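Be aware that the sequence shown starts at 305, since it is given in the working numbering, and climbs by one per residue.
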Amino acid sequence: MNPITFPGLGLTFQLERVAFSIGSKDIYWYGIIIAIGFILGVSFASSQAQRLGVTPDDILDVILYAAPIGIVCARIYYVIFYLELYTNPDGSFNWAEAVAIWDGGIAIYGGLIGGVLTCVVVCLLKKCSVLSVMDAYAFGLFTGQAIGRWGNFFNQEAHGGPTNLPWRMGLTLYDGTYMEVHPTFLYECLWNLVGLALLFFVVRHHRKFHGMLFCFYAFWYGMGRFWIEGLRTDSLYFFHTGIRVSQMVALVTMGIFGGILLWNLLFKKTRKNES
């Protein structure tokens, strides 16, 4: 791996994608960081469960189904909007490449959609509050995504276009080209950490309706993702248009969940604060 530098800050990092090997199997830092983010996210969500009216067991029961289904949906979402990558020269679909998730290629919004739908189904079957479980998961989602973005740092991916800003990141690309770019992985990490701080120290103490914390997460993340996605160079596009899929989904998310927040805060009677 080539070094990653932050020339404006005088920092240089020598990174390896592989953390260690077990026999002939390489274990990558990306996977380790994602796993850490997942564990800490679930732990944080579980710690908030009881004050939101559900149990830690509810959180764990849901994640047992939502996590694997979310990963599958994240892959499907990626393949759909990057279809040319999985199309053979004769026009047929390359199923072997499409299912090879270990080679990389997932999209967070696909995982979120699949995870939320799974959460709804499992909660209805368990007869526990869907909205309260989703409120608890808001803490976990902010946490997991903030940590998980550092996997992109180790992979030297998910960066933005050229910039001269003091915090620019210097990369040597696979073709040997050196570029100084926006560290968009860092932007998204910091945006999620600010969202988590607001959620924990402010929003949860003013929880006026079930689902409010998740609505705040969805609105805040959508707002950040919209502008960060506009800086990235590896965006998925809406088929053959120039529309970035994540920006389109972020706008829809902001509109829906921002509208729900506004409606409930302005027009619904305040219920007793449970937090």
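We treat Cβ as the ideally placed atom computed from N, Cα and C, and that holds for glycine.
If you're wondering where the values come from, they're calculated on a predicted model, not measured in any experiment.
Review point. What is the DSSP secondary structure of A450, counted as helix, strand or coil?
Key: helix
Review point. Apart from the five residues on each side of it in sequence, which residues of its chain come closer than 8 Å, Cβ to Cβ, to K572?
Key: K512, F513
Check your understanding: In chain order, what residues of the same chain lie with their CB nearer than 8 Å to the CB of T422, ignoring the 5 residues before and after it?
Key -> V366, Y369, A370, I373, G374
Check your understanding: Considering only the beta carbon of each residue, do G444 and F348 sit closer than 7 Å?
Key -> yes
Point to revise | Backbone CA spacing between S579 and P311 [nearest angstrom] | key: Because S579 carries a pLDDT of 43, less than 50, the predicted location of this residue cannot be relied on, and the following value inherits that uncertainty. One C-alpha to the other measures close to 45 Å.
Review point. Under 7 Å, do Q551 and N496 count as touching if we go by C-beta distance?
Key: no
Review point. Rounded to a whole number of angstroms, what is the C-alpha to C-alpha distance between G546 and K430?
Key: Computed Cα separation, rounded: 43 Å.
Point to revise | Proximity of G464 and R536 at Cβ, strictly below 7 Å | key: yes
**Study point:** Local conformation of P331 per DSSP, three classes
**Key:** As written in the sequence, residue 331 is Ile, which differs from the Pro given in the question. In this structure, I331 counts as strand in the three-state DSSP scheme.
Practice item. Leaving out five residues on either side along the sequence, give the residues of the same chain with a beta carbon under 6 Å from the beta carbon of Y381. Key: So the list reads A411, G414, once near-sequence residues are dropped.
Review point. With distances taken from CA atoms, which of L389, I405, W406 is nearest N398?
Key: Shortest Cα-Cα distance from N398 to any of L389, I405, W406 involves L389.
Review point. On the premise that R379 lies in contact with G581, defined as a C-beta separation below 8 Å, what is that separation, rounded to the nearest angstrom?
Key: Given that the chain is displayed from residue 305 to residue 579, the structure contains no residue 581 and the question cannot be resolved.
Exercise for review: Assign H544 to buried or exposed, taking buried as 16 or more other Cβ atoms, counted over all protein chains shown, within 10 Å of its Cβ.
Suggested key: The residue is exposed, with fewer than 16 neighbouring Cβ atoms inside 10 Å.
Review point. Based on the DSSP output, what are the partners of S351 in its beta bridges?
Key: S351 is not bridged to any residue.
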